[in-house]
Amino acid sequence: MDPVLERVIVEAAVKIALVFFVVLTTVAYMTWVERRVSAWIQDRRGPNRVGPFGLLQPLADGIKFLFKEEITPPHVYRPVYLLAPILILVPALLTISVVPFGPALRLFGRDVPLRVADVDNGVLIILAFASMGVYGIALAGWSSNNKYSLMGGLRSSAQLISYELAMGLAIVGILMSAGSLRLSDVVARQAEHGWNVLWQLPGFVVFLTAAFAETNRLPFDLPEAETELVAGYHTEYSGMRFSMFYMAEYANMVTASCLAATLYLGGYHVPGLQRLGLPQNAAAIVQLLAFGIKVAFFLFVYVWVRWTIPRFRYDQLMNLGWKVLLPVALVHIVWVAFIVLMGWA
Amino acid sequence: MVEYAPILIFLGVAALFPAATLVIAWAVRPSRYNKTKSEAYECGVPPSGDARARYPIRFYVIAVLFVVFDVETIFLFPWAVKYRALGLFGFAEMVVFLGILVIGFAYAWRKGALEWA
């Protein structure tokens, strides 16, 4: 085999194994964090029996899911019904592959960049994979042959595509400032000229709102709406397949937080770190940790918002997406274009 | 193209993970058939009629509008990447392009395509 290709593949395999492990652990522990933080906000205790502080709760949940019976009702369309959970989970995990976690680490005499893939159109890849999730949801709702599931699936698809527009338009402002679709260029630009959130605040708000809607989280969790649609598109799922919908939701939250941190909060950039003159590896690890803290902040905001803002009604949701976020994003593009044209940023 | 190889490997691993989990679950989980258990769950009320019924036309309208505006977004991307090189010309071009789309958007709005009540 070609030695260059071989080196790329070995390096990629190690990184993928690490990233996969970290993402799945984060997803598992996010369920714990969510319940603990929810309990804290509501002045309860939350899960605290399994292990110290309930830290083994995700493990117990996983084992329980594994041993739960999976019911495949006879009225479903089997091929699509069985495929839908996988169709949701795979793109949710895949999006993380282009996120830059940190700068290069010096290992074995060469620079190893802390990201799985550094491609020249990372932003496009993210948008492409993010929109793949709609297929899983629409197909899960349709194939279940249940009225609630179908309604949940339809609503969810309409919601996802509506907010995808606002998200894509908000990102245009980032591209204008960075002049590149490569995520590491976006980070580099922010390291030089200040974080995007400082002068693209409307874009940031639109992006974050759209991210909440894209991940089906409160206040936009209408597809699930327990009270009216009994869990929507995954009503007919049970056991491990049901847990895949949950894993996908949390994986999407992690990815959305990574993106918000990368696009608006300077990614792994730490202001003033260069002046300390740390050795390359130490600086890289500090930046990696800084990225983790930024992502953790957004994950916390997800839970925080959940217990702060009540759920929207469906017409309110669509009005917000089409009549507020879309016009705001369009005006924001012209505004950013004007600022860049004048050379102010 | 070699920089895309890791994404391809990642895709393989990401597809293998749910497949492997489902196989393990299939091996260890119980499976006890029960007629009531396999009915459609519609809040305990016996299901009546097929679920693939008609649904509101609004979903189609939203889907059509989505296609229009999503293509617009994709057209904006290359422009945004090269924006600094295009200067004033690029700015004027895009204001005209966005202006035409805003007219279309206002038309859809006035026609009530965005109403859900």
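Which chain is which? The protein sequence lines are A and B, in order.
For any residue, its number in this note's numbering is found by taking its place in the first sequence, counting from 1, and adding 1346.
For any residue, its number in this note's numbering is found by taking its place in the second sequence, counting from 1, and adding 929.
Glycine is no exception: its CB is placed at the ideal position from the N, C-alpha and C atoms.
In this text, all values refer to a predicted model and were calculated from it rather than measured experimentally.
Residues of chain A with a CB under 8 Å from the CB of residue i: which are they?
{"i": "B/F995", "result": "I1507, S1508, E1510 and L1511"}
{"i": "B/I936", "result": "L1440, S1443, V1444, V1462, A1463, V1465 and I1471"}
{"i": "B/V931", "result": "V1350, L1351 and V1354"}
Whose Cβ in chain B lies nearer than 7 Å to the Cβ of residue i?
{"i": "A/T1581", "result": "Y970"}
{"i": "A/L1373", "result": "The question names Leu, yet the displayed sequence has Val at residue 1373 of chain A. By Cβ distance, chain B contributes nothing, its closest Cβ being about 11 Å from A/V1373, past 7 Å."}
{"i": "A/F1366", "result": "V942"}
{"i": "A/A1557", "result": "The contacting residues do not exist; A/A1557 stays about 16 Å from chain B at best."}
From the beta carbon of residue i, is the nearest beta carbon of chain D less than 9 Å away?
{"i": "B/G1033", "result": "Considering every chain present, this structure includes no chain D. Its protein chains are A and B."}
Measure from the C-beta of residue i to each C-beta in chain B and report whether the shortest distance is under 9 Å.
{"i": "A/N1491", "result": "yes"}
{"i": "A/V1436", "result": "yes"}
{"i": "A/K1361", "result": "yes"}
{"i": "A/N1542", "result": "no"}
{"i": "A/T1608", "result": "no"}
{"i": "A/S1530", "result": "no"}
{"i": "A/E1560", "result": "no"}
{"i": "A/P1431", "result": "yes"}
{"i": "A/V1354", "result": "yes"}
{"i": "A/Y1427", "result": "no"}
{"i": "A/W1488", "result": "yes"}
{"i": "A/R1563", "result": "no"}
{"i": "A/G1525", "result": "yes"}
{"i": "A/W1587", "result": "Per the sequence presented here, residue 1587 of chain A reads as Arg, with Trp not at that position. Cβ-Cβ to chain B under 9 Å: yes for A/R1587."}
{"i": "A/W1668", "result": "yes"}
{"i": "A/D1661", "result": "yes"}
{"i": "A/P1404", "result": "no"}
{"i": "A/M1497", "result": "yes"}
{"i": "A/H1421", "result": "yes"}
{"i": "A/L1451", "result": "no"}
{"i": "A/Y1494", "result": "yes"}
{"i": "A/F1684", "result": "yes"}
In the DSSP assignment, find the alpha helix (DSSP H) that holds residue i and state where it starts and stops.
{"i": "A/E1357", "result": "P1349 to I1387"}
{"i": "A/S1603", "result": "G1585 to Y1610"}
{"i": "A/E1538", "result": "L1529 to H1539"}
{"i": "B/E968", "result": "No alpha helix (DSSP H) contains B/E968, which DSSP labels as neither H nor E."}
{"i": "A/E1560", "result": "L1547 to E1560"}
{"i": "A/H1580", "result": "Unbroken run through A/H1580: none, as it is neither H nor E."}
{"i": "B/E1001", "result": "R987 to V1010"}
{"i": "A/P1437", "result": "R1424 to L1440"}
{"i": "A/Y1614", "result": "Per DSSP, A/Y1614 belongs to no alpha helix (DSSP H) and is neither H nor E."}
{"i": "A/Y1660", "result": "Y1660 to N1665"}
{"i": "A/V1674", "result": "L1672 to M1688"}
{"i": "A/F1566", "result": "First-last for A/F1566: undefined, no H or E at that position."}
{"i": "A/K1410", "result": "Q1403 to F1413"}
{"i": "B/I953", "result": "A934 to V957"}
So, is the C-beta of residue i closer than 9 Å to a C-beta in chain A?
{"i": "B/Y1036", "result": "no"}
{"i": "B/V942", "result": "yes"}
{"i": "B/G1041", "result": "no"}
{"i": "B/I1029", "result": "no"}
{"i": "B/P975", "result": "no"}
{"i": "B/V1025", "result": "no"}
{"i": "B/I953", "result": "yes"}
{"i": "B/I1003", "result": "yes"}
Please list, in chain order, the chain A residues whose beta carbon lies closer than 7 Å to that of residue i.
{"i": "B/F1018", "result": "Result: empty, since nearest Cβ-Cβ is about 10 Å, beyond 7 Å."}
{"i": "B/V1010", "result": "L1521, G1525, S1526 and L1527"}
Name, please, each residue of chain B whose Cβ falls closer than 8 Å to the Cβ of residue i.
{"i": "A/K1410", "result": "The premise fails here: A/K1410 is roughly 11 Å from chain B at the closest Cβ pair, so nothing lies under 8 Å."}
{"i": "A/F1553", "result": "The contacting residues do not exist; A/F1553 stays about 13 Å from chain B at best."}
{"i": "A/M1599", "result": "Near A/M1599 there are no residues of chain B at all, since even the closest Cβ is about 17 Å away, more than 8 Å."}
{"i": "A/M1664", "result": "I991, L1043 and W1045"}
Since residue i meets chain A, which of its residues come closer than 9 Å, beta carbon to beta carbon?
{"i": "B/A992", "result": "S1503, A1504 and I1507"}
Give the interface partners of residue i over in chain B, defined as CB-CB distance under 9 Å, in chain order.
{"i": "A/H1703", "result": "Only positions 1347 to 1691 of chain A appear in the structure, and residue 1703 of chain A is not among them; the question remains open."}
{"i": "A/E1416", "result": "L951, A954, W955, R958 and S960"}
{"i": "A/L1515", "result": "F998, E1001, T1002 and L1005"}
message = Could you check whether the segment 1639 to 1649 of chain A touches the segment 1600 to 1610 of chain A, counting it as contact only if at least three pairs of C-beta atoms, one from each stretch, sit closer than 8 Å?
response = A contact exists between the segment 1639 to 1649 of chain A and the segment 1600 to 1610 of chain A.
request  = Indicate whether the contact test is met: 3 or more Cβ pairs, each with one atom in the segment 1436 to 1456 of chain A and one in the segment 1416 to 1423 of chain A, closer than 8 Å.
outcome  = Taking a cut-off of 8 Å for Cβ pairs, the segment 1436 to 1456 of chain A and the segment 1416 to 1423 of chain A do not touch, as fewer than three such pairs fall below it.
ask   = Which ranges would you report for the alpha helix (DSSP H) in the segment 1451 to 1507 of chain A if only whole runs of at least 4 residues count?
value = Taken in chain order, the whole alpha helix (DSSP H) runs of length 4 or more contained in the segment 1451 to 1507 of chain A are 1468 to 1489.
Cβ contact check for the segment 1459 to 1477 of chain A and the segment 1643 to 1653 of chain A: 3 or more pairs under 8 Å = Touching, no.
ask   = Is there contact here, the segment 992 to 1005 of chain B with the segment 1625 to 1637 of chain A, by at least three beta-carbon pairs under 8 Å?
value = Too few Cβ pairs lie closer than 8 Å, so no.
query = Can at least three beta-carbon pairs, one atom from the segment 1657 to 1675 of chain A and one from the segment 1586 to 1598 of chain A, be found at a separation below 8 Å?
reply = Contact check between the segment 1657 to 1675 of chain A and the segment 1586 to 1598 of chain A: fewer than three CB pairs, one atom from each, fall below 8 Å, which does not count as touching.
query = How do the segment 1390 to 1410 of chain A and the segment 1557 to 1570 of chain A stand: do at least 3 beta-carbon pairs fall below 8 Å, yes or no?
reply = In this structure the segment 1390 to 1410 of chain A does not lie against the segment 1557 to 1570 of chain A, because fewer than three pairs of beta carbons, one per stretch, are closer than 8 Å.
ask   = Can you find at least 3 beta carbon pairs, one from the segment 1539 to 1551 of chain A and one from the segment 1464 to 1474 of chain A, that sit closer than 8 Å?
value = No: the two stretches stay apart, fewer than three of their Cβ pairs being nearer than 8 Å.
ask   = Touching or not, the segment 1546 to 1560 of chain A and the segment 1513 to 1520 of chain A, by the rule of three or more beta carbon pairs under 8 Å?
value = Enough Cβ pairs lie closer than 8 Å, so yes.
message = Does the structure place the segment 994 to 1012 of chain B close enough to the segment 1021 to 1030 of chain B that three or more beta carbon pairs sit under 8 Å?
response = Touching, yes.
inquiry  = What ranges does the alpha helix (DSSP H) occupy inside the segment 1612 to 1650 of chain A, keeping only unbroken runs of at least 4 residues that lie completely in it?
reply    = Fully enclosed alpha helix (DSSP H) runs of 4 or longer: 1619 to 1622.
key: the segment 1495 to 1515 of chain A / the segment 1524 to 1537 of chain A touching (three or more Cβ pairs under 8 Å)   = A contact is defined here as three or more CB-CB pairs under 8 Å, and the segment 1495 to 1515 of chain A fails this definition with respect to the segment 1524 to 1537 of chain A.
request  = Say whether the segment 1378 to 1388 of chain A touches the segment 1449 to 1460 of chain A, bearing in mind that this needs 3 or more beta-carbon pairs closer than 8 Å, one atom from each stretch.
outcome  = Contact between the segment 1378 to 1388 of chain A and the segment 1449 to 1460 of chain A is absent, because fewer than three Cβ pairs lie under 8 Å.
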